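Enquirer:
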Amino acid sequence: EPEVTQTPSHQVTQMGQEVILRCVPISNHLYFYWYRQILGQKVEFLVSFYNNEISEKSEIFDDQFSVERPDGSNFTLKIRSTKLEDSAMYFCASVWNGDGTVAFFGQGTRLTVV
Amino acid sequence: SQQGEEDPQALSIQEGENATMNCSYKTSINNLQWYRQNSGRGLVHLILIRSNEREKHSGRLRVTLDTSKKSSSLLITASRAADTASYFCATAPFGNEKLTFGTGTRLTIIP
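First to last, the protein sequences are chains A and B.
When we follow my numbering, the leftmost residue of the first sequence carries the number 1, and every step to the right adds one.
When we follow my numbering, the leftmost residue of the second sequence carries the number 1, and every step to the right adds one.
1. How would you list, in chain order, the residues of chain B whose beta-carbon sits under 8 Å from the beta-carbon of residue 107 of chain A?
2. Between which two residues does the beta strand (DSSP E) holding residue 141 of chain A run?
3. Which of the three DSSP states is assigned to residue 55 of chain B in this structure?
4. Excluding five sequence neighbours on each side, which residues of the same chain lie with their C-beta closer than 7 Å to the C-beta of residue 97 of chain A?
5. Cβ of residue 1 of chain B less than 8 Å from any chain A Cβ?
6. With DSSP run on the structure shown, which of helix, strand or coil describes residue 78 of chain B?
7. Would you report the Cα separation of residue 1 of chain B and residue 105 of chain B, rounded to the nearest angstrom?
8. Residues of the segment 77 to 98 of chain A with a CB closer than 9 Å to any CB of chain B: list them in chain order, please.
9. Tell me the DSSP bridge mates of residue 22 of chain B?
10. Please report the distance separating the alpha-carbon of residue 75 of chain A from that of residue 94 of chain A.
11. Residues in the same chain with beta-carbon distance under 8 Å from residue 99 of chain B, minus the five sequence neighbours each way, listed in chain order, please.
12. Give me the Cα-Cα distance between residue 82 of chain A and residue 92 of chain A, rounded to the nearest whole angstrom.
13. Can you tell me whether residue 84 of chain A is helix, strand or coil according to DSSP?
14. Pair every Cβ in the segment 36 to 45 of chain B with every Cβ in the segment 45 to 54 of chain A, then say whether three or more of these pairs are closer than 8 Å.
15. Cβ of residue 27 of chain B less than 8 Å from any chain A Cβ?
16. Is there contact between the segment 19 to 31 of chain B and the segment 30 to 48 of chain A, where contact requires at least three CB pairs shorter than 8 Å?
17. When the Cα of residue 101 of chain A is compared with those of B:47, B:11, B:7, B:9, which residue comes out closest?
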């Protein structure tokens, strides 16, 4: 069964460093998302991406964050200068189309900022 | 209450019993989905129910949706130890696949 894959599974970084989280969505899907989950809290929407551009972003997704689909298969989330409060599990998701279909999530990247 | 709020927050039952979790939401939705998350792991999609549906079944899962009350319930019948996980409801509005997740119910099945 097709699946969304994320790398790395765990990343530890020093505060102020840049990190790039990688995702390979399901190949024929058209909509891509990043969500995050701070430990013990609910899953929060960060950004949606369609047709090679951001379609919606949350308040969390400030100038420190960016997304890119550089080569038609990978979908990346970059955090330019990490803060301690960026420590969380980051999930990538993809959806086939925009008509109420299922979102498939990756296994997540646990980001720890020290 | 928040958009997508589950109750109870935690539930412990004996293996073989049925588990019921509830979710309430605030805004109009296109569909509501239930996900399972094992500790520290990814989100696994369980079932999707559309706004024009009232009940849906998938194996041991039964989901109901009451749009007039803006609520949904997830019933897991004949629970197993492997069902131990956190369960989240997530709503999607019309014209947008962005999901708004609830706070989750932590289900523990006691063997």
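Yeah, the Cβ is synthetic: ideal placement off N, Cα and C, and Gly gets one too.
Remember, predicted model here, so these are calculated numbers, not experimental data.
Expert: With the structure as the only source:
1. Taking the first residue of the first sequence as 1, we reach residue 107 of chain A at position 107. Near residue 107 of chain A (Cβ distances below 8 Å), the residues of chain B are 41, 42.
2. The question about residue 141 of chain A has no answer here: the residues shown for chain A are numbered 1 through 114.
3. Residue 55 of chain B sits at position 55 when you count from the first residue of the second sequence. DSSP places residue 55 of chain B in strand when its eight states are reduced to three.
4. Within the first sequence, residue 97 of chain A is the residue found at index 97, counting from 1. If we look at residue 97 of chain A and ignore the five residues flanking it on each side, its Cβ neighbours are 30.
5. On the second sequence, position 1 is the one that residue 1 of chain B refers to. Any answer about residue 1 of chain B is weak, because its pLDDT of 36 lies below 50 and its placement is not dependable; what the coordinates show is given next. So, not an interface residue.
6. For the purposes of this step, residue 78 of chain B is taken as the residue at position 78 of the second sequence. If DSSP states are grouped into helix, strand and coil, residue 78 of chain B belongs with coil.
7. Your numbering for residue 1 of chain B matches position 1 in the second sequence. Your numbering for residue 105 of chain B matches position 105 in the second sequence. Residue placement at residue 1 of chain B is flagged as unreliable, the pLDDT there being 36, under the threshold of 50; the coordinate-derived value follows with that caveat. Spanning the two alpha carbons is a distance of roughly 15 Å.
8. 89, 91, 93, 95, 97, 98
9. Stepping through the second sequence from its first residue, residue 22 of chain B is reached at position 22. Per DSSP, B:7, B:73.
10. Numbered from its first residue, the first sequence carries residue 75 of chain A at position 75. Numbered from its first residue, the first sequence carries residue 94 of chain A at position 94. Distance between the alpha carbons of residue 75 of chain A and residue 94 of chain A is about 10 Å.
11. By 1-based counting over the second sequence, the position of residue 99 of chain B is 99. Once the five neighbours on either side are set aside, the close Cβ partners of residue 99 of chain B are 33, 90, 91, 92.
12. Position 82 of the first sequence, counted from the first residue, corresponds to residue 82 of chain A. Position 92 of the first sequence, counted from the first residue, corresponds to residue 92 of chain A. Rounded to whole angstroms, residue 82 of chain A to residue 92 of chain A spans 19 Å at the Cα level.
13. Reading the first sequence from its first residue, position 84 is the one you call residue 84 of chain A. Helix at residue 84 of chain A.
14. no
15. On the second sequence, residue 27 of chain B is found 27 positions in, with the first residue counted as 1. Not one chain A Cβ lies under 8 Å of residue 27 of chain B.
16. no
17. In the first sequence, counting from the first residue as 1, residue 101 of chain A sits at position 101. With distances taken between Cα atoms, residue 101 of chain A lies closest to B:47.
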